[in-house]
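In our numbering, the protein residues as written are 2 to 179. Contents: one structure, followed by commentary.
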């Protein structure tokens, strides 16, 4: 009898099998590798807002759809030599998703070691049963999320919630967005 109760209590526990992605991975039966075109959508929303980069202002916002005129919703994922990931807006290496001082924007990776610790274009990607989570490679950083319809980097101590999950939508080269 004790074994039955033990296994029943294990089933009631919330599973949080969070795995870091360091190699090509599958999304909806399609392999996502370095140089794959993707869209990033806020997870769990009926009308998925997409992560949209504005190459003119360098800002990051949410777009209601991933079709024209929202061309900034197209990203090219890049795997770095250290197993981290980069997100190139519209495939442009000088317009990457960067994190700095609790906010996200478009920018380029910094070459020097001095100031590079304050800005990063390298991201860690994790996946669990709910979806994908993104975190910049910085000493004090949280998860990329959306609160009150604004993009934020969470505090490292924030509890996980639906607000910090993303869907990765693989796109075909030259094809229309979803």
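Even glycine gets a Cβ: it sits at the ideal position worked out from N, Cα and C. Just so you know, these numbers come straight off a predicted model, no measurement behind them.
Same chain, Cβ closer than 7 Å to residue i, neighbours up to 5 away in sequence not counted
i, result
"residue 23", "84"
"residue 78", "33, 35, 37, 39, 86 and 88"
"residue 159", "143"
"residue 151", "none"
"residue 28", "169 and 171"
"residue 45", "163 and 166"
"residue 139", "100 and 121"
Cβ-based burial, residue i [other Cβ within 10 Å; buried from 16]
i, result
"residue 146", "buried"
"residue 73", "buried"
"residue 34", "exposed"
"residue 137", "buried"
"residue 172", "buried"
Inter-residue CB distance, residue i and residue j (contact presumed, cutoff 8 Å)
i, j, result
"residue 57", "residue 76", "Incorrect: roughly 17 Å between the Cβ atoms, too far for contact."
"residue 63", "residue 43", "7 Å"
"residue 131", "residue 41", "Residue 131 to residue 41, Cβ: 15 Å. No contact."
"residue 20", "residue 128", "6 Å"
"residue 50", "residue 65", "6 Å"
Cutoff 8 Å; reference residue i; Cβ partners in own chain excluding five residues on either side
i, result
"residue 81", "87 and 123"
"residue 93", "56"
"residue 109", "94, 95, 96, 97, 99 and 122"
Contacting residues, own chain, Cβ-Cβ under 6 Å from residue i (five flanking each side not counted)
i, result
"residue 54", "61, 73, 90 and 107"
"residue 103", "154"
"residue 9", "Confidence is the limiting factor: at residue 9 the pLDDT is only 43, short of 50, which leaves the residue's position unreliable, though a coordinate-based value still follows. Excluding residues within five positions, none has a Cβ falling inside 6 Å."
"residue 26", "33"
"residue 48", "none"
"residue 59", "106 and 107"
Please specify which runs of the beta strand (DSSP E), each continuous and at least 3 residues long, are wholly inside the stretch 34-100, giving them in chain order. 38-43, 51-54, 61-64, 76-80 and 86-90
When you compare the stretch 122-136 with the stretch 93-105, are there three or more beta-carbon pairs, one atom per stretch, that lie closer than 8 Å? Contact between the stretch 122-136 and the stretch 93-105 is present, because at least three Cβ pairs lie under 8 Å.
Just to confirm the assignment: which complete beta strand (DSSP E) runs, minimum length 3, are found wholly within the stretch 126-158? 133-137, 145-148 and 151-154
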